[in-house]
Amino acid sequence: MRCPACTHLDDKVVDSRQADDGVTIRRRRECLACGQRFTTFERLEEVPLVVVKRSGDRVPFDRSKISAGVVAAAKGRPVTLEAVEDLCTDLENLVRQSGGEIASERLGLAVLERLRDLDQVAYVRFASVYKGFDDPSDFSREIRLLTKSTAPKRH
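Per my numbering, residue 954 is the first one in the sequence shown, and the count goes up by one each step.
Here it is, written out as C-alpha cells:
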C-alpha cells in the first residue's frame, strides 16, 4: 500500500479489525519510511454472475427473473415463497460454483430439475414454457417422462 504522505510502498499493519458487520476489514498501517499512520479498508470483490444465452450474448444473472418464472409456474400450488427463495439461492450458488458464468440451457435444466422435486405440476407448467410446447402431445410426453422417472419401481 502506498503511503499517502511520502508515497513509499513499504508499511506494516499496526491494527486490524472487522468493520461493517464483518463485510469489511479495517487496517491501521504505519509507513516504514516516514512513520505516518493511515487507515485502509479491505472488502471482498464480488464476481459478477453471468448467463450466456444461446445467441452468445452475455447477460447478468437476474435472480428475480427465475423467481418470477417459478412463482408463475407454481401459482395456485402449495409452494411457499420460502421454497422459491431456496430454489433461487441454490441456482445462484450453482452459477458461482460454475465460475460465475453458466449457459442459459444449463440454468433452465437446473430450474426444471429442482422444480421436479418441489412440485410436479409446477414442473410441467414451467417445462411447457421453457421447452416451448406447441401441441397437447408435448404435455403427455413430458408427463410420461416425469412419471417414469419418479414412479417407485415394483419388484
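By construction, the Cβ of each residue, glycine as well, lies at the ideal position given by its N, Cα and C atoms.
Going straight from the alpha carbon of residue i to that of residue j, what length do you get?
i	j	result
G1061	M954	44 Å
R1049	K1101	32 Å
F1086	R1078	10 Å
D983	F991	For the record, residue 983 in the displayed sequence is Glu; it is not Asp. If I take the Cα positions, the gap works out to 6 Å.
L1002	E1038	17 Å
A1021	A1027	10 Å
V1023	G1052	24 Å
E1035	K1018	16 Å
Y1076	E1066	8 Å
D963	L1047	40 Å
L985	A972	25 Å
S1057	D968	46 Å
K1106	K1006	Since pLDDT at K1106 reaches only 49, below the 50 mark, its modelled position is unreliable, and no value is offered.
A1104	A1063	Unreliable positioning characterises A1104 in this predicted model, as indicated by a pLDDT of 48, which lies under 50. A coordinate reading is not provided.
R1114	T960	The question about residue 1114 has no answer, for the chain in this structure spans 954 to 1108.
L997	T977	8 Å
Between which two residues does the alpha helix (DSSP H) harbouring residue i extend?
i	result
C1041	1034-1050
A1056	Run containing A1056: none in the alpha helix (DSSP H); it sits in the beta strand (DSSP E), 1054-1056.
K1084	From DSSP, K1084 is part of no alpha helix (DSSP H); its letter is neither H nor E.
S1008	No alpha helix (DSSP H) holds S1008; DSSP gives it neither H nor E.
R1030	No alpha helix (DSSP H) contains R1030, which DSSP labels as neither H nor E.
In terms of residue numbering, what span does the beta strand (DSSP E) encompassing residue i cover?
i	result
E983	977-984
V1012	1011-1013
R918	There is no way to answer for residue 918, as the model of the chain reaches only from 954 to 1108.
V1005	1003-1005
So, with DSSP's three-state summary, where would you put residue i?
i	result
P957	coil
F1079	helix
R990	strand
L1066	The sequence as given places Glu at residue 1066; Leu does not occur at that position. Helix at E1066.
Can you tell me the Cβ-Cβ gap for residue i and residue j, rounded? I've got them flagged as a contact below 8 Å.
i	j	result
L1099	Q1073	6 Å
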